[in-house]
Each structure stands twice: as structure tokens, then as C-alpha cells.
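Asks: Sequential numbering of the sequence shown, starting at 2, is according to the working numbering. Even for Gly, the Cβ is constructed at its ideal location relative to N, Cα and C. Predicted model only: the values in this text are computed from it and were never measured. Sharing a structure with you now.
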Amino acid sequence: MAAFYNDYLQNLLLLIRNTLIGKSRFFLIGFVLLLGIGYLVSAAFPGNTSYYFTVRELDEFSGEKGGRNFRVKGELVAQSFVRKELDTTAEFMLFEGDHTLRATYSGVVPDLFFDERSEIILQGVYGPDEIFQVETVSVLCPSKYEGLEEEEEP
């Protein structure tokens, strides 16, 4: 009789162990799948997940700026865009209020870059020489907001 109870307890413990392992395996697989989906969503929309500074905020930034990556939003200073001869490298300035940012970019700028109503977003590295080395340039389209301005004016 003792052997029967011993076998019964061993089988019961084995059943409990297998059930718990099965459930934990199920939850582990579900957790890994959720992490994977979250990563894919964030990788698909990287521009929507990162914060950008305004020119004023970057100018007033109290931490070490040299050599760090930033995203900065501002407006183009009129007549500040100068392209080097026989090269795609350009130097220009962005402003917000009375704060300015000197920047260099090598490449073709978007069509709306020179529109006076455009907000420009730069992504790059703030150099130790206090010149922003731009890696990518984006322009927020001003035409999205023209309808709103016209509707507000009675």
C-alpha cells in the first residue's frame, strides 16, 4: 500500500511540475512575442519616437553638448544659406526668437527648405566648434497650417 501512495505522490508531483512548466513556457513565449512586436513598431517609426529641441532649448541646454546627437527645430535665417562652390556642402543658420544655431550640411535640401513659413528639423551632432553637423534635414510642411490660419481670421 505504501508503494501505491509513493507512486501516486510521484505522479502527482510530476503532473504539477509539467503543468507549471507548460504554463510558464506559454507566458514566456507570449512575453517574447510582445517584446518583438513592440520593437518592430518602434523601429518602423523612429522619427515619431524621438524628442527634438528647439533652437532656444538647445542654446540654453546646461549639459555638455559637444559630440552629442540632437534633433533641433527652428526656422532658416534669411540669406544665411551659403553653398560651397563645386560641392554639396552648405552652411546656414536656424533661429528661434533671438537664439541662433550655426549648421553645416552636405547633401540636397528639401524643396520647402527656403519657404519662410517652414519649420526645419535637423538631426546631427553638435560639434566642439559650436557648429551643428547635420546628418538629416526634414521640413514641416507649412501648407498644412494655411487653412487653419485663414479660418481663424474673421
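Suppose you measure from the CA of residue 26 to the CA of residue 110; what does that come to, to the nearest Å?
Replies: Counting from 1 along the sequence shown, the entry for residue 26 is found at position 25. Counting from 1 along the sequence shown, the entry for residue 110 is found at position 109. Using only the alpha carbons, I get a separation of about 51 angstroms.
Asks: Checking the sheet assignment: what are the DSSP bridge partners for residue 107?
Replies: Working through the sequence shown from its first residue, we reach residue 107 at position 106. Partner(s): 90.
Asks: Measure the Cβ-Cβ separation of residue 135 and residue 104 and say whether it is below 8 angstroms.
Replies: Within the sequence shown, the letter at position 134 stands for residue 135. Within the sequence shown, the letter at position 103 stands for residue 104. Yes. Within cutoff.
Asks: With a cut-off of 8 angstroms, do at least 3 Cβ pairs link the segment 78-95 to the segment 26-43?
Replies: no
Asks: Is DSSP giving residue 98 helix, strand or coil here?
Replies: Locating residue 98 in the sequence shown gives position 97, counting from the first residue. Residue 98 falls in the coil class under three-state DSSP.
Asks: Straight-line CA distance for residue 130 to residue 66?
Replies: Looking up residue 130 in the sequence shown gives position 129. Looking up residue 66 in the sequence shown gives position 65. Looking at the two C-alpha atoms, the distance is approximately 10 angstroms.
Asks: Of all the options 119, 68 and 99, which has the alpha carbon lying nearest to the alpha carbon of residue 57?
Replies: By one-based count along the sequence shown, residue 57 stands at place 56. Nearest C-alpha to residue 57: 99.
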